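Q: Take a look at the following structure, please.
Protein chains: 2
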Amino acid sequence: MKKSIAVDMDGVIADTETHFLNWYEREYGVRIGVHEIQGREENEMFPDKTVARKFAFTPGFFRSLPVMTGAVEALKTLMKSYDVYIVSAAMEFPQSLPEKLEWLKEHFPFISWRNIIFCGDKSIIGTDYMIDDHIKNLDFFKGTTIMFHAFHNVNHNHHQRANNWDEVLKLLVK
Amino acid sequence: MKKSIAVDMDGVIADTETHFLNWYEREYGVRIGVHEIQGREENEMFPDKTVARKFAFTPGFFRSLPVMTGAVEALKTLMKSYDVYIVSAAMEFPQSLPEKLEWLKEHFPFISWRNIIFCGDKSIIGTDYMIDDHIKNLDFFKGTTIMFHAFHNVNHNHHQRANNWDEVLKLLVK
Chain A
0 MKKSIAVDMD GVIADTETHF LNWYEREYGV RIGVHEIQGR EENEMFPDKT VARKFAFTPG
60 FFRSLPVMTG AVEALKTLMK SYDVYIVSAA MEFPQSLPEK LEWLKEHFPF ISWRNIIFCG
120 DKSIIGTDYM IDDHIKNLDF FKGTTIMFHA FHNVNHNHHQ RANNWDEVLK LLVK
Chain B
0 MKKSIAVDMD GVIADTETHF LNWYEREYGV RIGVHEIQGR EENEMFPDKT VARKFAFTPG
60 FFRSLPVMTG AVEALKTLMK SYDVYIVSAA MEFPQSLPEK LEWLKEHFPF ISWRNIIFCG
120 DKSIIGTDYM IDDHIKNLDF FKGTTIMFHA FHNVNHNHHQ RANNWDEVLK LLVK
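Chains as they are written, first to last, in numbering that gives the first Met the number 0: chain A, 0 to 173; chain B, 0 to 173.
Set out below in structure tokens:
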């Protein structure tokens with residue numbers, strides 16, 4: 000039987016970091032550099048703490064996310080050896096649910112609806128592996144964790160880090 | 000730490016059986032009795048096998064489901080001793096996602112968004128208990144199962160059966 004992997008969406012197969020910085024520049028005319036936000040909490044990436052949540056509640060935000068570099072090919076490769084599930088903590092943003100489904104259908108059409116999970120917290124996910132950028136999800140996971148690099152996790156090192164999808168494949172595919 | 004329970008929606012906290020029979024009568028002018036469908040597969044509850052799926056894809060179907068008798072009080076009672084998660088295999092019917100969220104907000108406002116999971120198959124759900132009417136979900140579950148009575152499961156007896164919410168409480172609350 001194949002081992003199973005829970006793959007996060009935002010910050011892992013979707014490049015939310017770039018998207019947030021692009022939306023901020025468009026709305027406020029200021030380009031914040033990637034280096035400026037390293038080590039900050041997600042709600043502290045902008046001077047006004049309410050901005051990121053405002054964007055996340057804006058219709059179209061999740062539908063227009065860029066795909067993370069290498070994610071499409073990496074998931075196709077992983078699916079040869081693993082049962083791959085997309086697990087997104089989307090329930091806080093109800094308007095994101097249909098947008099996330101449409102986004103997956105467009106960019107990852109090879110993922111079946113059977114393998115998609117939208118949840119609140121991820122504590123009851125029982126896969127063998129979890130690839131996620133948030134320690135709040137990884138810390139409560141019972142299986143093997145891979146922490147996907149993100150600005151908000153650079154100072155946390157108690158999970159196996161992968162800086163990009165190539166590094167994930169090196170860890171999981173022999 | 001509290002034990003966790005995954006509680007199904009359709010057929011467990013929502014009375015889909017009554018709803019299907021009501022919709023059928025409204026659309027086709029024929030009242031099918033509960034006794035007539037006992038032991039049938041879900042897609043065979045009506046003479047035309049496509050009807051149940053047609054209803055399930057109709058906007059408003061899931062939003063207007065009646066609440067299962069006893070479900071509200073039972074979940075409130077269970078939440079005193081357990082972490083209760085609502086786990087619905089909703090991904091096959093994308094239009095149902097916002098409807099199911101609104102329905103839960105109306106009828107089960109005490110359930111946090113953190114405890115709601117919409118998925119495809121349920122094989123990766125890692126709670127301690129699962130209450131579900133479908134053996135396809137219960138058979139692959141690693142924890143303790145409770146099969147909630149439904150017309151389509153009357154001939155299956157390899158899971159602990161509960162005929163109603165009172166019987167669930169007798170099994171789970173000492």
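From the three backbone atoms N, C-alpha and C, an ideal C-beta is built for every residue, glycine too. Here the structure is a predicted model, which is why all the values come from computation and not from measurement.
1) Alpha carbon to alpha carbon, how far is Asn163(B) from Tyr84(B)?
2) Taking Tyr23(A) as the reference, give the member of Val11(A), Pro108(A), Val50(A), Phe147(A) with the closest Cα.
3) Do the region 50-59 of chain B and the region 90-97 of chain B touch if we need at least three Cβ pairs shorter than 8 angstroms?
4) Beta-carbon separation of His151(B) and Gly38(B) under 9 angstroms?
5) Taking three-plus beta-carbon pairs below 8 angstroms as touching, is the region 111-119 of chain A in contact with the region 139-148 of chain B?
6) Is the separation between the beta-carbon of Met90(B) and that of Ile12(B) shorter than 9 angstroms?
7) When you compare each of Ala70(B), Ser3(B), Asp47(B), Lys2(B) to Asp14(B) by their alpha carbons, which one comes out closest?
8) By the three-class DSSP mapping on this structure, what secondary structure does Phe107(A) have?
9) At least one CB of chain B closer than 9 angstroms to the CB of Asp120(A): is that the case?
10) At 8 angstroms on the CB atoms, spell out the chain B contacts of Lys141(A), in chain order.
11) To the nearest angstrom, how far is the alpha carbon of Glu106(A) from that of Ser63(A)?
12) Give a yes or no on whether the C-beta atoms belonging to Ser80(A) and Lys2(A) are separated by under 9 angstroms.
13) Which residue wins for smallest C-alpha separation from Trp102(A), given the options Ile124(A), Pro65(A), Arg113(A)?
14) From the beta carbon of Ser80(A), is the nearest beta carbon of chain B less than 9 angstroms away?
15) Which of the residues in the region 76-107 of chain A, read from start to end, lie with their CB under 7 angstroms from any CB of chain B?
16) Return the residue from the list Ile36(A), Met0(A), Tyr128(A), Asp7(A) that minimises the CA-CA distance to Thr17(A).
17) What would DSSP say about Arg30(A), mapped onto helix, strand or coil?
18) For chain A, find out if any of its Cβ atoms is closer than 9 angstroms to the Cβ of Arg30(B); answer yes or no.
19) Tell me the residue span of the alpha helix (DSSP H) that contains Lys135(A).
20) If you compare alpha carbons, which of Phe109(B), Asp82(B), Pro46(B) is closest to Glu72(B)?
21) Residues of chain B with CB under 8 angstroms from Ala5(A), in chain order?
22) Could you spell out the range, first to last residue, of the alpha helix (DSSP H) harbouring Val71(A)?
23) In the region 35-54 of chain A, which residues sit with their C-beta less than 7 angstroms from some C-beta in chain B, listed in chain order?
24) Using the beta-carbon count (16 or more within 10 Å), is Phe139(B) buried or exposed?
25) Check whether the Cβ atoms of Ile4(A) and Asp132(A) lie closer than 9 angstroms to each other.
26) Who does Gln159(B) pair with in a DSSP beta bridge?
A: Quick look at the numbers:
1) 18 angstroms
2) Val50(A)
3) yes
4) yes
5) no
6) no
7) Ala70(B)
8) coil
9) yes
10) Gly125
11) It is worth fixing the name first, because residue 106(A) is His in this sequence and not Glu. Rounded to the nearest angstrom, the two C-alpha atoms are 11 angstroms apart.
12) yes
13) Pro65(A)
14) no
15) Tyr84, Met90, Glu91, Pro93, Leu96, Pro97, Leu100
16) Ile36(A)
17) coil
18) no
19) 134-137
20) Phe109(B)
21) Ile123
22) 70-80
23) none
24) exposed
25) no
26) Ile145(B)
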